[in-house]
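Numbering (this note's numbering), first residue to last: 329 to 552. Structure record follows, encoded as structure tokens.
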Amino acid sequence: MLRKVSLIMICLLAVVFIWDAPIQAQSSFDTENYELQLEIVKSDASFGDTQIVSRDSEVPLGWVVIEYNIHTKTIKNMNGAPFGYTQTTCIQSPIPWNWVILESDQYTRVIKNISSGPFGHTEIISQESRVPSWWVIIEYNKHTKTIKNMNGAPFGYTQTTCIQSSTPWDWVILESNEYTRVIKNITGAPLGYTEIISRDSPYPSGWVVISYEEKTKTIKYIGS
329 MLRKVSLIMI CLLAVVFIWD APIQAQSSFD TENYELQLEI VKSDASFGDT QIVSRDSEVP
389 LGWVVIEYNI HTKTIKNMNG APFGYTQTTC IQSPIPWNWV ILESDQYTRV IKNISSGPFG
449 HTEIISQESR VPSWWVIIEY NKHTKTIKNM NGAPFGYTQT TCIQSSTPWD WVILESNEYT
509 RVIKNITGAP LGYTEIISRD SPYPSGWVVI SYEEKTKTIK YIGS
């Protein structure tokens, strides 16, 4: 009887060990991966550096996923990429701020860094891509759209945009129709300057409305 009880206890311990081993292994991997993430965040990683991390790990800001495996993924640091740099990423990868999608398929995307681009620079991007701040849409096609950088435009500069385009901060809408808008940069206006804009146009802080017409209103700059 004693031998039978001992045999049962040995079998139970073996089951517990077999059951617990994968859990301990996964726990160890998760701990190592967490420590790895702390190293990535704390270290001065250079542009282009790659790192293999757990498949379910969060991706640090400015990094992209370039390869997936069963339990891991490879990420790459895009922080510090030069203007115009392109990178192929996995379709599930986050896209860094001020990067755009050029094209994509079922599994991958090609993205491009257009931050710090010069005023007036245009770029043809995928329809699915977001448009960075200070860029406007000037043309739509079936699968693409053309965007233009308005950052750095001089006072008084006007631009025709697609109706779906957002209007940059401190710009006003002069007129619009079913498909397009004409917008104007009024940043840097002298004190007392007036501008006739569309009645539904927003206007910046420091400006006041001094008169209304049927489709327009006149605003005046009185200082911020």
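In this text, a Cβ means the ideal position worked out from N, Cα and C, and glycines have one as well. Values in this document were obtained by computation on a predicted structure and should not be read as measured data.
In DSSP terms, what residue i is bridged to
i: N477; result: W463
i: V536; result: K548
i: R437; result: T417, S432
i: W427; result: N441
i: V381; result: K401
i: Y468; result: K473
i: Y396; result: K401
i: E451; result: I475
Assumed close pair residue i, residue j - CB separation to whole angstroms, cut-off 8 Å
i: T495; j: I501; result: 6 Å
i: V459; j: M478; result: That pair is no contact at about 11 Å.
i: E456; j: I429; result: 6 Å
i: S454; j: S432; result: 6 Å
i: T450; j: K476; result: 5 Å
i: F375; j: N397; result: Not quite, the Cβ-Cβ distance comes to about 24 Å (not below 8 Å), so this is no contact.
i: A481; j: F447; result: 6 Å
Residue environment, residue i, which counts as buried when at least 16 other CB atoms sit within 10 Å
i: E523; result: buried
i: S552; result: exposed
i: V381; result: buried
i: W425; result: exposed
i: G445; result: buried
i: K404; result: buried
i: T417; result: buried
i: W497; result: exposed
i: V392; result: buried
i: E541; result: exposed
i: S539; result: exposed
i: K511; result: Reading off the sequence, residue 511 comes out as Ile, not Lys. By the 10 Å Cβ count, I511 comes out buried.
i: S296; result: Absent from the structure is residue 296, since the part of the chain shown begins at 329 and ends at 552.
Contact set for residue i: own chain, Cβ-Cβ below 6 Å, skip 5 residues either direction
i: Q415; result: I439
i: R527; result: K543, T544, K545
i: D377; result: N405
i: V537; result: K545, I547
i: S493; result: V464, I465
i: Y413; result: N441
i: T488; result: T508, V510
i: W427; result: I439, N441
i: Y521; result: Y549
i: H399; result: R383
i: W462; result: M478, N479, P496
i: Y485; result: N513
Neighbourhood of residue i by C-beta distance below 7 Å, restricted to the same chain and skipping five residues each side
i: I452; result: T472, T474
i: I525; result: V500, I501, L502, Y531, T544, K545, I547
i: K401; result: V381, R383, V393, E395
i: G390; result: N405, M406, N407, P424
i: I351; result: Confidence at I351 is low in this model, with a pLDDT of 41, below 50, so its placement is unreliable and the value that follows should be read with caution. Cβ neighbours of I351 beyond the five flanking positions: none.
Residues near residue i in its chain [Cβ-Cβ closer than 8 Å; skip 5 each side]
i: G534; result: Y549, I550, G551, S552
i: F483; result: N513, I514, T515, G516, A517
i: Y435; result: C418, I419
i: P467; result: This sequence places Glu at residue 467; Pro is not what is there. Correct list, in chain order: K473, T474, C490.
i: F411; result: N441, I442, S443, S444, G445
i: D372; result: none
Those runs of the beta strand (DSSP E) which lie wholly inside the stretch 490-542 and span at least 3 residues: 499-504, 508-513, 522-526, 535-540
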